[in-house]
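Encoded as C-alpha cells, the structure appears first; notes follow it.
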Amino acid sequence: MTAAAAMITVTGGLGGCGTSAPASPNVVPMADVIPAPVSAQPNPAADFSLTGATVIVSPGGAATATADWLAALLRRATGFSLPVVAPGGHAPSQILLEVGGGHPAIGDQGYILEIGPAQVRIQANAGEGLFDGAETLRQLLPARIETARSPGPWAVEGGRIIDYPLYPWRGASLDVARHFFPVADVERYIDEIALYKIDILHLHLSDDQGWRLQIPGFPQLTEVGGSTEVGGAPGGYYTDAEYEQIVAYAESRYITVVPEIDMPGHANAALASLPQLNCDHQAPAVYTGISSGISTLCVGTSATSQFVSAVIGELATLTPGPYIDIGGDEDSLISGSAYDSFVSRAAQTVVADGKIPVGWADIATTQDAQGKTATLPAGTITEYWNYQSPPPDTGQSSSPTMVIFAPADHAYLDQKYDASTALGLDWAGPVSVEQSYDWEPTAGYGVPSGEIEGVEAALWSETLTSMQDVEYMAFPRLPGIAEIGWSSPSTHVWSAYRERLAAQAPRWQAMGIDYYRAPDVPWPA
Ligand code: TNX
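So in this note's numbering, spot 143 of the sequence shown is number 1542, and the numbers just go up one at a time.
The structure is reproduced here in C-alpha cells:
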C-alpha cells in the first residue's frame, strides 16, 4: 500500500489491510485486476451477486455516462433490466455510483470500490474516476460478461479497492496513416484500451503513405493523400464529422484524443497532394512503401507556413482535448537549424491556438551546427521512442519538457514478439511480452521523475491491415504498458504478472480478440 492509500485508510476509517483469504472458485480474485490497484482487500464473506433485482443507483450529472455505459454492458450479457435509478430508494441489491466527496488522495482518476452482499459502491471525485472504478468492476465480473446473453451466476468478490494512477498520461497510439482504420475499428480499440484504464488515444493521422483528416481549404489532402495506403490498396480518411465522432466516443470512455500531424518529415502524402509544399513545386507520386526518412516539407516558405497554420488551426478547432501533436520525428533532409526554427514556430502556433504542443523526442533533441535545439514553449510534452539515443531532459535540450516514455525496445507493439512472428517490424525488437513489461520510466533513463508525464504503447501499422492484426500485436502486451503507467513499481513483478495476465485470456476470447499466446505466459488450456 502506498502512503496515500494508508492515509485514506486511517483518516477515512475504511479499515486496514485485510489478510487475503483464498477467493471462491466462482469469482475473479481482486488480485487479478490489471493494472494492479493501489490497495485491494478481499473479503470472501461479502461477495456480491448481480441478479434480476439489481438496480444501478446514479446521482446523474458526472455519473450519467458511466451509469449508462455500465448498464448497457451488464444488460447485454445478463439480460437483466438493471434500471438506472435516482438515489433515495430501498433496493435490496444495488450498484451505487457516487461522484464528489471522495478522499482527495485519490484525485480525479481514482476511485474507491466497496463490494458487499447487498451493494457495490463506487465512489470518486470526478466522472473519470467513477468510470475507472466501473472498469475495475467489469474485470471483477466473470469473463462471460463480455459476451451477449451469457449464463450466470454473476458473483463479484467482496472487499474494498482503493485506487488511483501513478502517471497522468497512459497512452495508446494507433497509426491510421500507414493503413487506414475506419471509425468502427477505432471505436473498438477505444473500448479495448479503456478496459486497462488507458486515458489517451494518440492518433497518427498523417505520414508518407496517407493523410487521414479533412482540412478545410485543402481538399487535395484527402483526395490525393488519403487515396491509398501501404501496399497500394485504397486508403481512406475521416471527414470532420467522423473525427468528431471518434473524439466523442473516446470522451465517453474518458479517453482524450491527441491528434498528430507529422511534420516536417513523414510528409509525402501532403507533398503529393499540394505541389506548393515542395521546394521545386513538383508534387511527388503517392508513396505506398515502408521506408522512412524519404520526405520533408519545404520549410521557411509562406506556402508551408500557411499550410501548417491551417492544419494546426483545424486540429485545434475539432479537438476538445488540450493537446496537438506536431510529430517532428526523423527529418534528416533539412539542416538542424532549419528544422529547429520550423519546430519552434509550429509549437508556438499550437500554443497560440490554445493547445499544448506534443512531439516526438526529436523536437527537443535534434541539434543544429551550434549544438542548439528548438525553442519549445513551457509545458511542451515530448515522446521518447528511439531507445538508441538519450531521452529529452537529460542535458542536451535548451527547453525542458514533460516526457512520455514509449521506448521502442519495450513499448512498441508493432515489433515482432520473436523471430517467428509473421506480422510486425523488428528494428527495435523482438519485444517479448516480458520485455514489454520489464522496464520503468524511472529506472536508468536519467529523466528527473518530476518531468515524467507517463507512458505510451505505440502501434505502428506498416504491416497491420486489419483490426485482427492490431489486436494480435496489442494483446497481450498492451495491458503491461498500462500497468507500468498506472501502478506502483513495487507491483511490477513479472513472475506474478504473467499469472494475472494469463487470467485475462478468457475475457479476450469472450471479446473476440485474437491474442498472441506467448510462450512465456501460462495461458489457460
Ligand atoms: C519509427 S517512432 C517511426 C515510425 C515507424 C516506426 C516503426 C517514430 C517517431 N518513427 O514512423 O512507423 O518506427 O516501428
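Each residue gets a CB set at the ideal place from its N, CA and C atoms; glycine is no exception.
Per DSSP, the bridge partner or partners of P1633: T1627
Indicate the three-state DSSP secondary structure (helix, strand or coil) for D1661 in the structure shown. strand
Can you name the start and end residues of the beta strand (DSSP E) that M1801 belongs to? 1801 to 1804
From A1471 to A1702, what distance separates their C-alpha atoms? 49 Å
Specify whether the region 1604 to 1614 and the region 1885 to 1897 touch according to this definition: at least 3 beta carbon pairs, one from each stretch, less than 8 Å apart. no
Range covered by the beta strand (DSSP E) that runs through Q1518: 1518 to 1523
Run through the DSSP bridge pairs and tell me what D1562 is partnered with. Y1510
Cα-Cα, which of V1582, G1631, I1597 is closest to D1639? V1582
Could you check the C-alpha separation between S1865 and D1825 for me, to the nearest Å? 19 Å
Can you name the start and end residues of the beta strand (DSSP E) that E1556 belongs to? Careful: E1556 lies outside any beta strand (DSSP E) and carries neither H nor E.
Which residues bound the beta strand (DSSP E) around A1737? Where A1737 is concerned, there is no enclosing beta strand (DSSP E), although the alpha helix (DSSP H) it sits in stretches over 1735 to 1751.
Report the rounded CA-to-CA distance for V1454 versus R1537, giving the unit in angstroms. 16 Å
Buried or exposed: S1457, going by 16 or more other Cβ atoms within 10 Å of its Cβ? buried
Identify, in the order they occur along the chain, each residue of the same chain with its Cβ nearer than 8 Å to the Cβ of G1501, setting aside the five sequence neighbours on each side. G1509, Y1510, I1511, Q1522, A1523, N1524, G1528
What are the complete beta strand (DSSP E) segments, minimum 3 residues, inside the region 1638 to 1686? 1655 to 1662
Could you tell me the boundaries of the alpha helix (DSSP H) in which H1809 lies? 1807 to 1810
Beta-carbon contacts of Y1566 that lie in its chain and below 6 Å, excluding the five residues immediately before and after: G1853, G1884
Please go through the region 1810 to 1896 and give each complete alpha helix (DSSP H) segment of 4 or more residues, from N-terminal end onward. 1832 to 1836, 1866 to 1873, 1877 to 1885
I need the straight-line Cα distance from P1847 to T1793, nearest angstrom please. 8 Å
Which full runs of the alpha helix (DSSP H) of 4+ residues lie inside the region 1568 to 1634, going along the chain? 1582 to 1593, 1619 to 1622
Throw me the rounded Cβ distance for the I1725 and I1660 pair, which I believe falls under 8 Å. 7 Å
Cβ-heavy atom distance between Y1811 and the ligand TNX below 7 Å? yes
Reducing DSSP to helix, strand and coil, say where D1792 ends up. coil
Is it buried or exposed for S1835, if we count other Cβ within 10 angstroms and need 16 for buried? buried
What's the call for R1559, buried or exposed, on a 16-neighbour Cβ count within 10 Å? buried
Could you tell me whether the Cβ atoms of D1767 and S1736 are closer together than 8 Å? yes
Pick from W1907, G1557, H1601: whose alpha carbon is nearest that of V1426? G1557
Tell me the DSSP secondary structure of A1439 in three-state form. strand
According to DSSP, which residues form a beta bridge with T1716? Note: T1716 sits in no beta bridge, so no partner.
Alpha-carbon spacing of G1770 relative to L1620, whole angstroms: 35 Å
Taking the alpha carbon of P1790 as the point to measure from, which residue in D1813, I1762, Y1816, G1778 has its own alpha carbon closest? I1762
Rounding to the nearest angstrom, what Cα-Cα distance links T1450 and Q1903 in this structure? 24 Å
Closer than 7 Å: L1824 CB and nearest the ligand TNX heavy atom: yes
When the Cβ atoms of the region 1838 to 1846 are set against those of the region 1797 to 1807, are three or more pairs found closer than 8 Å? yes
Distance check for G1634 and P1923, CA to CA, integer angstroms please. 38 Å
Using 7 Å as the cut-off, classify the Cβ of D1574 as near or not near the heavy atoms of the ligand TNX, replying yes or no. yes
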